[in-house]
Structure formats: structure tokens, C-alpha cells
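Presented below is the structure to which this report refers.
There are 2 protein chains.
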Amino acid sequence: MTDSAHQYTYESAVVRSVLDSARAEGRTALTAPEGKRVTDAYGIATPAEALATTCDDAVALADRMGFPVVLKIVSPDILHKTEAGGVLVGVDSTAAVRAGYSTIVGNARKYDPEARILGVQVQQMLPAGAQEVIVGATTDPTFGKIVAFGLGGVLVEVLKDVTFRLAPLDDTEAASMLDSIAAAAVLRGVRGAPAVDRAALTGMLRRVSDLVNDFPEIAEVDLNPVFATPEGATAADIRIILAEPAVRRPQFTREAILESMTRLMKPAAVAVIGASSEDGKIGNSVMKNLINGGFAGDIHPVNPKADDILGRKAYGSVLDVPGDVDVAVFAIPAKFVAAALEEVGRKGIPNAVLIPSGFAETGEEALQDEIVAIAQRYGVRVLGPNIYGYYSTWHDLCATFCTPYDVKGGVALTSQSGGIGMAILGFARSTNTGVSAIVGLGNKSDIDEDDLLTYFGEDPNTQCIAMHLEDLKDGRAFVAAARATVPKKPVVVLKAGRTSAGAKAAGSHTGALAGDDKVYDDILRQAGVIRAPGLRDMLEYARALPVLPPPQGDNVVIITGAGGSGVLLSDACVDHGLKLMEIPPDLDAAFKAFIPPFGAAGNPIDITGGEPPSTYEATIRLGLEDPRIHALILGYWHTIVTPPMVFAELTARVVAEARAKGIHKPVVASLAGDTEVEAACAYLFERGVVAYPYTTEQPVAALGAKYQWARAAGLLPPG
Amino acid sequence: MTDSAHQYTYESAVVRSVLDSARAEGRTALTAPEGKRVTDAYGIATPAEALATTCDDAVALADRMGFPVVLKIVSPDILHKTEAGGVLVGVDSTAAVRAGYSTIVGNARKYDPEARILGVQVQQMLPAGAQEVIVGATTDPTFGKIVAFGLGGVLVEVLKDVTFRLAPLDDTEAASMLDSIAAAAVLRGVRGAPAVDRAALTGMLRRVSDLVNDFPEIAEVDLNPVFATPEGATAADIRIILAEPAVRRPQFTREAILESMTRLMKPAAVAVIGASSEDGKIGNSVMKNLINGGFAGDIHPVNPKADDILGRKAYGSVLDVPGDVDVAVFAIPAKFVAAALEEVGRKGIPNAVLIPSGFAETGEEALQDEIVAIAQRYGVRVLGPNIYGYYSTWHDLCATFCTPYDVKGGVALTSQSGGIGMAILGFARSTNTGVSAIVGLGNKSDIDEDDLLTYFGEDPNTQCIAMHLEDLKDGRAFVAAARATVPKKPVVVLKAGRTSAGAKAAGSHTGALAGDDKVYDDILRQAGVIRAPGLRDMLEYARALPVLPPPQGDNVVIITGAGGSGVLLSDACVDHGLKLMEIPPDLDAAFKAFIPPFGAAGNPIDITGGEPPSTYEATIRLGLEDPRIHALILGYWHTIVTPPMVFAELTARVVAEARAKGIHKPVVASLAGDTEVEAACAYLFERGVVAYPYTTEQPVAALGAKYQWARAAGLLPPG
């Protein structure tokens, strides 16, 4: 993990010696003086302070620093000093220092009679009125070293207003943390209070980030509170915890991933191990789906008990199959997998797709470890086990025991769970969603989201990637793959299990604040990923995003026949971070020319309910052709004058005409009406207009997701 | 508004004299000493303080109170003292008081050279470490007097962590405010800080509530900050603003509303003014829908140019129609409405349904005022104008120009907007939703949501009411109607325009904090209303809530074939405030007996994906029959072993068997699978199981809404 170049050399040696001596003593927590040596070495500002080992010492030190001072117990055995009654603030006279010294030593002895007490820290007290913040770093099981920032005091504990980033941070990322907390305005100064020194805070975040990045054995750093003033930022308390650094699992190079994934997704030859002629068997379903799906490559059934399966020559072993094979699909019981995988390895097949269950998910971890070891020995990449298989539609490949799927299109979908995979399939079929791939990941013994993301990022048939996941085996690899992909195409993630961990998190130190989900949320956003709040949202985004062209600017305009829809569409714009354009006077006049005098221009543009098709057509055309407008939201109201299919036809036509002129703007529509609006929506969707019946939220959510991606991809300035 | 009995008599006289003298001087803001007389009269604690008109005065007063003190400018012309540099805190010596006096008087003069300066308030300084809170009251345009509570300091301003209630408050409501802010835990004491005196805060909220309730001309009260300690609560700053009290529009009695609404919804005879034989005319559509809808009462066309319309005798005027008429439906242009309404009034028809547009919504306020005046003169209740009409399905009444709707059922739907009304109709037809009524409210010149709520609350055919609204003409009448209805049946509200006002709100005083939407949100919740976040949610709740029996307790159990669905269903439970039951050991063992050894009991109960129908059946039956379980969430995974319709049939059968035994528990289901799950969901929905395909969120959201209602109705303890 010490992969970042850094400028600390003498300073690093200081930290190294502090850490080494603490570990030599078998301690995982640094004392306050040790903490100060570490923070001093990394240029993290702390108040003037010194250790007093006697009461007289303390008085002398306080006299030198000036009153008031803070007194704190120093003991390697007492981590939570406040709880131990080991802290006194605002000690403002010689007599008070003298009394305070005895008090906190007494308290500490009562709190833990076994504690070794090294003395009392006397510390310069920081200016009243400074803003308390928390700066910290911890080691997340998924993402490794992460940096935390929040407002200090009791509110961070109660409101959990904290934000996280992957370490190491650059300056832009560090600065973005100050804006990412709910109470960000406090740092800019409110009600006449001065703004804090942002450069000082940003610098402190970077220094903490560098520290944990340089020393992987530093598991946690807590600077809490940090006093932020207009002139600087000073850490008043330092807590540093050590642990054995985690070992990251082996990494494949980007080239190696692309090579094996390309053979997985575009194979020339597939072997089906456990192929069967018998209806109802998985090995039969897989064969049928490969054949009926229209796969043009070679399909080699492997089954020692058959000569021919579904008209294809069968082989006793994969070793007998002639020529190169790109993928071996396993449709045999778990207990036979290891032996067959050995043969796959010996044959030099690069990909094993393990459909069978009966591995880690049923408690058979040892069996799974065994197959992983075999695969690693031969360099075979493993998809699964415990999956429904996968689809690669542009290659007419249905290597699954479900039903074929043949609507080719722009979205690649993956799911960790088989049930969710079936929901993906059903939804896609029901909505006629154009798909480039559907992949089951199951136990993720090897191939996981970052491998697939790396491939789909480069796949010209894929315009959007949507992934259901419950965990990430390697959060850093995923973030790296997402960062490489997002500038090219949107990545949507449904992270399941998002609430439980957060709900259990408690306490005030950085580790406890880092409830799983908040860390996922911040770091996925940092990686530019669109996080779907639920399954249906993921599916709808997957359907809609490839259909919409990227927006070229922020100006969104609503054109509606129903005033009521206009209000709800405006609500949805606020919910999804879209900016309703302030219509300039000339454009307002241009819209007004088309609508009745009692209609409202402005934004929403309310063309009123009784209007003929020509009014919809003229206003939509103007919305597309005026270069100051960047996206359209249409609100349709079913009337006898303009029936649903008439609206759909005219809208699709006007959009197509604009595209023929090189005008590509995202257009979404909400259709309010009787059931005929359903067919109208399907007609529009097929023609590049994202349209939904009976909802004002869904079309705006889809547009909002497209904008979120455009910002993450750098096509638009940050929102 | 002075309708509440109260115990203040002498005290009221004091307040009256303060208010009268301020108004006599033409002032709308009370001075600090006036504010103190008012708060003293109502028993609201404030710090020791007195007015100094000279510097020497100030020094003498401070000496008497003890240091430190606060100095504040007193001027009727300076409301925002801090911004004027007119406040000094922590003034801790005679010399500092002397210097401070000149400073703030100087600052105030600079801030506003015209300001009349009456002196400087010298105030006892409150204990450091007290929790600052804000207590206030304001006058909301929709709801009238409302009380506000939040944490003080800059965070209330930045994080808007404030809660609102209608005045007058009772003790329970006042106490609930302390728990309704995000930072509620702060008041209970965190990190060893003591809890504040809740009774003192609750008392202060009640006193402020009584004050504004007793004196409607008090438009706004701000106690900010209030210092809350373990021993009391003291208002450090008082700001009171006066205004002319608003006049409430005339109220109908509950009996009068029920009588006219019953004749509207269950008429024996309907006249159609502007009935027509000509296709495409609104008066023709209305006639056809009445006839084809199967209305069994009399239908009287009124049209001076026809003798017969669609086989019914036509009349030249409604005055010529024989016998009583309950409803006159208007299908004539706006300009003819007034004259026809006069005749409706003279005929003694109690209800006029005004379909035509061309009134206030097109700027013709005067025309609308004219018809309202005519209606009031004759005692005619008016629905509309500018509506699609209304449906009363159990009475086979389709008094609308849309298409008939005949699926009788338990939900009454209303919409302010015609477009949303069409979405309601389309959605209901597409999903086969059982409906008791659909009503357009349009311009709400007279009949509004509280009239309809009052009626539907009593209507035995209505089990749930869902309302789309953009505003409330009389928020208090709506709350009263909701409170009377919610104990009997759920009320769902989609409040449109919910974000704009909130986004515009700014500043720190109570009036500015009361952004429209937060007030609606808190007060609708206080009234027990379920607020739908969007149109589709309202429609889905409307469809699902009448189908689900009320839960009898908090224990929710998830039974799932797909582990992946189980995780997402659990997420959704947290989102929707549902409590996953902790399964006791005997019940755990009972479930385990039915599922494979690698399946997981606990909650979710993961029966695993490959199980036959018997496993679903046994576990669902156990879930229904064990009395400790109160609601079931099912996660189905499409397999060859248990196809979708097999699951649907067995689930519906087991639920029906339980109901036959008197076991009524809400059961919802998420079906993950290929498109056959859609038919399975429809089958289940018709049989009382709320089931959705391709979503884990929607079924749980419906169950969550049912629980929210059950708590509001007092069937379950508060969540």
C-alpha cells in the first residue's frame, strides 16, 4: 500500500521509530507524547504542550504557556480520557492547576487502578469560539485506508454529519470534503461568524491521508477535536491506533483482465461440462439455450456417458475436445467440479463458468478454496460458483439455465444474487430493454465487479453498466475500474445491505462513525458511480440511460399540458438535482406565441390542457432547436384533441428531425392519461424518448441520473 | 380563533394592554421590555434584566446582578440586534460594562442613524454549557398559528432541524416536539452531558402556544436562544411581532357537509346542463357516461335547443325538470354558468358540478367570485370549476367527460389537477384497482378536500382515501377532518409543490424557518396522514392499502427463496420503519425444520432457491399461524421447481385458509423472475396479497404505509 511517492524522509524516520518502539512494547495505542511526535513529523499543528510528572512541574509549565490551560491524564492504558475524568479544561490559575493535577490523577486511579500513569499533559488552551471539527483516518475492510471529516462536538455523534474519501487524497478531493457535510455552510461562516481557514483544514486532511498511506500499520488516526479558526487549524487531541496491515488479494493487470474477459464474452468455442440430453437437467438447459440462442461458435458437450447431445458430438473429457476452447461452462454437481477444473486447466481454457451451488454459500468454504487454488495454479479465471450463468447478447450467447434473451442493446447488467438476476431478466423482457450482457457473479470466488467493469468499459456495445452487489471483495480495484469507465459511460450500482451496518454504528471515534454504508456512499460517489436507491431504480436507470444522449448543459425546461404535472415534475427536478432554466425574455416570448393567453410561459411552460397536437409540436421543436436549452421534460395530458399515440408520434418525429440536424438533447416524458398512454410510452422509448405512464418522478429520476453521470464524467461542471 | 378556554385573566389583561399600547403607537414589533412583560405574564422564564439609560445606570445594574452580564441595544427600530453590533456577551467587569455601553450605542447609531435608541438592556448571563434551543410561534397562511421548536445556535439555521405543530398544543404534542428533531438525542444528554429539563421546555412550548392562541394579533413569537439546563429553560431573547389576524372563511357544520356530500355522491336524480346529442361535445360525453355507466337514478338533460337527448326528455331550463334534483352537472361555457347557477339555486338543487374552465385558472377571478356569491346566496355547494367531473362507482355514477370506470372497491381518490385525474383513471384501469370514487377538485371555489374527507370517512364503501393537492384552502379544517377519519381508515396525501418554497426559505427567525413544506410535512403527520413522496407512490398506496388487513403488532418476518431479495427487503424495512422480528429459539427451530440445512432461519428466513412448493407453503403457513408474528414479507425466486403461478396459487390458498380461521395478517410479496411473475402478482393482488414484480421496495413501502396508518390510528403504539 506504500505506493505513493512522498516528500517525508527524516520525518518518516521519526514516525517509524515511534511506531517501532510502541510495537516493541506490544502496544497498539500511541501515548499522547508519541502522537505528538508523529503529528509534528507530518506537520499537523497541535497546541503548545508538555508533560508534567509532578504537580509543581505542571504549575511551572502552565505559567510559561499562559492561562488558561488544559490538563489531561497521560496513561498508555487509558484511551478515553474524558470518560475516565482525566481531562480538565479552562484551568485558569496556579491554584487551579495545583488542585486539578490531584483531581485527575485521582480520577484516573479510580477509573482503572491498574493503569500506569505517566503524568499530566499541560496544554495551551485554544481560543474560545473556534469551530470544532474532526479529522481522522481509519482502515475500512472493503476500501482500506479512508479519511474522515466532520464537524466536532456532540452533533457529529448525534447527526453523523461526516464524510469519507479514499486515501491518498489529492488537494481537490481534500477540499471537496469540506463541502460534503450537511453543515458545510458553518465552515464558510454564518451569522457574521468568520470563515475558517480552508487551506489549513485541507492541508491537515492531506497530511493525515499521507500518514496512513505511508504507514499501513496505522489503523486509525483521530484528531478530535480540531480547532479551526480563520488563521489555522490545530488538533487538540490525537489518538493513533496500530494494527497489522491487511494483505490485499492478488491483482491482475488491466491487459490480463481484458484478454480473459474478451474470451469470456466473445468466445469462439464453448465447452459444456455436464451437458445432457435429458429435459429438466441444468446441463440440458444450458445446451438448449446456447443452441437456440443462436451462438455461432463451436459448442462442445462434455459427458462421458454420451456420444451425441442435441446433435453435437459429445466428449468424455474436456481434454478430448479438439482445438482451442475459450469458456468451460460447468453444469455438474459441486463435488465433481475440482476434478473437471483440473482438466480445464490442463487444456488451457482461460475461463470456467461455475453454475453449481454447494460451495461457500452452503458452508462448504473448503471446497471453494480448493477450486480457487486449482484455478490459480492453471491461470483459469472463474465466474461463480453458484450462478445462473451469463448472457452476451451481441454474441448470441446464452450460457445459462434460464431462458434465452435476445434484445440487443446498450446495457450490461450484473448481479451477485441469482434471484436478482431473474428479476433483471424478467424486467428486461417485459420492457424490451436492449441489453449487451447479463452476468451472474454469485460467490465471486474470482471474477468480480471490477473485472467486468474493466471489460464493459472498453466494450463498444455497452453504453451503460448496472451492477447489483452485496459487497466488494476489493473496493480499491472497483474504484480504479469505475474511474477508468465513468468518463466513457455511466456505471449504476445497487448496493444491497446498505442500512443494517449504518444502523448499528455508534460512538464517536472515526472507526465507529464509518458505518459501512456511509463509506460506500461517499466513495462510490467519489468514483463517479450512480447509486440506485433500490432494485427497481437500478432496472429503470439501466433501461433509460443508454437511450438518452448526454446533456450539453444545465438548462432543463419543462413543457406540460397539465399544470398539475408541471408542479410535480418541478418537485422531482429539485429532488434529482436538476436546474430549471430561467427563461430569457426573447425565448419566453417565443414560447408564448404558441400557447393560449391564459397558459403560462416561464418554466414549467404550461401549454394548457385543451391544446391540439400543433401546440405540443411547436413548443417541443422550439425547445429542441433553441441552443440555450439543454434538456426537455414533457408532461402530457390525455385529451380527445391530442390522443396519446398522436402525442407520441409527433414527439418522436420532432425529436428525430432534430437529431437529423445534429441536435441531440435528452428528452423525457410523463404521460398522464387512460391506459392508451402505456403503448404511447413504449413507442416513445423505442424512439429515444424516455417516457413513463402514471408517474412524474420516474422520467425525471432517469434524467437526473444522466446528469449525475455527465457531471462525474466531466462533461458538465460539478452540480 | 380565541376559542380555547384558558386560565389567564389578570395576565391576559397585562398582555392586552402591552399590545394595545404598541398598536396605538403604530408599532408591529414589541420592544424588549414589552416582550418581557408579555412573557412574564405567561410564565415564560427570562433572565434577570433591566433597562439602563445611562452608562452609570448599566454599571449599577450589572453590579447588582453579578458578572458576567450581557448588554443589548434597545431600539424599536432595530430588530436584528446582532447584525447591528448591538449585543455584547460575557461583559465581566465594571470597566467592560462602561466601555461596552458606548460601543454598542455607537454601533447602533452607525447601523441606523434614524433609529430611536431607548437605552441598553443589562441582562444576567446564563450558565455556560447550557443547551441553546429555539422556541417560537408564527402564523402560517394555510394552518394559522403554529409552534416551532429546534436546537439553537448556527446549526438550526444551517441544518434547518426544526419541527412544527398546530397551536394550541396539548402536553403530549408539546412533548412530541422534543423528539421530532433530528438532534433529539442532544436533549437527552450525550457524552456524559446532562439531559435538559424536558418539562420546562414542554411548558414553555405550551405557554407560547397559549399566548398566540389567545392573542391572534400576535403574528410571531421568537424565543431565541432559550437556554435549557437540567433545572429549567430560560428565554434569553424575546421577539414579538404583531399583525392583523387573518379572517377564516365560513365553516359548514359536519352535519351540513355530510348531508350535501351524500346527495352529491349518492344522487337519486342528476341534471346535465348543456347536455348534447352531438359527439365530441362535453355535454354529450357526460350524458353517455351517465347512461353507459349504468346510473340507476333519473338523468335529466337540460338544453333549450332539444326535446330529446340520447332517448331522455330534455328541458329548456333546470327549473322545468320535475321533482327533486340532487346534482346539476354543468357542461356549458364559462360565460353561461352564472345564469344557469341562478336557476339551480332557485330549483333548490344542493350541488353544482362545474366542469367548464375559464375561471380563476385563466385569470377570470371575477367570474369565479360571481358564481361563488350566487352559490352562497342559494346554499348550493360547488364542485370545481375546471374539473373532469367525478365518479361514484358503487352508485354506478360516471359524471365526467372521460371514460366510465366500473371496478368497485375500497379507495376514494381526489385530484386538484385534471391531468393527475387522468393518471389516476389510467393507473386504476391498468391495475384493476377497486375504487369507491374519483373526484376532480379543480379550482376548489367551494368544495375542497376537507368536505370530501368528512364524507369518505363515513362512507362504508371507502376503506382508504388518497388525495392529490397543491394547496389547502383551510389547513385547520383539513386537519380536523383528517383527525376524525384516520382512526377509521388511512388517508394518503400527495402534496405537490413541496420543494420550491422550502428551497427559497432562508434566515433564522421562526417565520423564515417555516418553509411551506416542512410545515405541511409536520402537520400532516401530526394529523395522522400518510404523505406519499410522489404520484406513483400515491397510486400504489391507494391500490394496496385497502387490500391489506391492519397489522396487530410490530413483528415483521421475511420469508424468501432468494437470499439476495432478503437483503434488499431488509433494507426496505429499515427505510419504511418496519421492525424485523427477533425470532425466538422455538420458532427458529420450527422454521428450520422446513428448510435445507444450509438455508438460514433467523430473519430473513432464507428457504434457499431450489425449494419445492411445499417449502414455501409450510413456512408461509407457520408464519401466518404463529401468533407472535404480525406481518409477512415474501421474497419469491422463479425456478423450474416452483414456477410463478404455482407460488401464487399456494400463497393465495394458504392466506385464504388462515383467514377462514380468523387469522388476518398483512402479507406482501416481491416476485423475482421472468415475465410470468406479472400474472402471478395480479393473481395474488386480487386475493389480498400485495405483490409486485421486479421490485423489492414497493411491497415493503405498501406495508410500511399500512403500519404508519395503524400507528396514527392508535391500533399500535407509536413507532
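Keeping their order, the protein sequence lines are chains A and B. Position 519 of the first sequence, counting from 1, maps to 519 under the UniProt record's numbering, and the rest follow consecutively. Position 472 of the second sequence, counting from 1, maps to 472 under the UniProt record's numbering, and the rest follow consecutively. Built from N, CA and C at the ideal position, the CB exists for glycine as well.
Against chain B, the beta carbon of ARG429 of chain A has neighbours under 9 Å at ASP674, THR675, listed in chain order. For chain A, the residues of the segment 655-686 of chain B that bring a beta carbon within less than 9 Å of one of its beta carbons are SER670, LEU671, ALA672, GLY673, ASP674, THR675, GLU676, VAL677, GLU678, in chain order. Within a 10 Å sphere around the beta-carbon of ASN351 of chain B sit 16 or more other beta-carbons, which makes this residue buried.
Interface annotation, ILE640 of chain A: in contact with chain B, CB-CB separation under 8 Å.
LEU524 of chain A sits close to VAL493 of chain A, with the two beta carbons spaced by under 8 Å.
Listed in chain order, the non-local C-beta contacts of GLY610 of chain A below 7 Å within the same chain comprise THR639, VAL641, local neighbours out to five positions each way being set aside. Here MET261 of chain B is near TYR455 of chain B, since their CB atoms are less than 8 Å apart.
The C-beta of GLU157 of chain B comes closer than 8 Å to at least one C-beta of chain A. DSSP places SER670 of chain B inside the beta strand (DSSP E), whose first and last residues are 667-672. Counting C-beta atoms within 10 angstroms of its own C-beta, PHE143 of chain A has 16 or more neighbours from the protein chains shown and is therefore classed as buried. Following the DSSP letters along the chain, one finds PRO245 of chain B in no alpha helix (DSSP H), marked with neither H nor E. Listed along the chain, the chain A residues whose CB falls inside 7 Å of the CB of MET422 of chain B are TRP637, HIS638, ALA672, GLY673, ASP674.
DSSP places LYS488 of chain B in the coil class of the three-state scheme, outside both helix and strand. Put simply, of A:LYS347, A:TYR10, A:PRO304, A:GLU83 the residue whose alpha carbon is nearest the alpha carbon of VAL38 of chain A is A:TYR10. DSSP lists A:THR414, A:VAL493 as the bridge partner or partners of MET467 of chain A. In the three-state reduction of the DSSP assignment, ARG381 of chain B falls in the strand class. Residue range 254-265 is occupied by the alpha helix (DSSP H) that includes SER260 of chain A. The closest CA to that of LEU632 of chain B, considering only B:PRO216, B:PHE164, B:LYS706, B:ASN292, is found on B:LYS706. In the structure shown, PHE149 of chain B adopts extended strand secondary structure according to DSSP, grouped into three states. ILE558 of chain A: member of the beta strand (DSSP E) spanning 555-560, first to last residue.
Excluding residues up to 5 positions away in sequence, ASP140, THR142, PHE143, ILE146, PHE164 lie with their Cβ nearer than 8 Å to the Cβ of VAL519 of chain A in the same chain. Across the set B:GLY419, B:TYR692, B:HIS80, B:ALA331, the C-alpha of B:TYR692 shows the shortest separation from the C-alpha of ALA672 of chain B. Here the C-alpha atom of VAL353 of chain B lies approximately 36 Å from the C-alpha atom of GLY704 of chain B. Under the three-state reduction of DSSP output, ALA29 of chain B falls in the strand class.
Beta bridge pairing from DSSP links ASN351 of chain B with B:VAL327, B:ARG381. With respect to THR229 of chain B, ALA375 of chain B sits apart: the two C-beta atoms are not nearer than 8 Å.
One thing to note: ALA562 of chain A has its Cβ within 8 Å of the Cβ of GLY635 of chain A. Judged by their CB atoms, ILE218 of chain A and ILE238 of chain A are not nearer to each other than the 8 Å cut-off. In the displayed model, ILE282 of chain A falls within a helix according to three-state DSSP. Non-local beta-carbon contacts of ALA712 of chain A in its own chain, meaning distances under 7 Å to residues more than five positions away in sequence, involve VAL486, GLY528 in chain order. The alpha carbon of ASN289 of chain B has as its nearest neighbour, out of B:SER357, B:THR393, B:VAL325, the alpha carbon of B:THR393. Here the alpha carbons of SER176 of chain B and GLN251 of chain B stand approximately 30 Å from one another. At a C-beta separation below 8 Å, TYR694 of chain A has these neighbours in chain B: ALA423, GLY426, PHE427, SER430, LEU535, ARG536, LEU539. SER392 of chain A has A:LEU397, A:ALA437 as its beta-bridge partners, per DSSP. Close to chain B, meaning a Cβ-Cβ distance shorter than 7 Å, is no residue of the segment 4-30 of chain A at all. One alpha carbon belongs to GLU49 of chain B, the other to ASN224 of chain A, and they sit about 38 Å apart.
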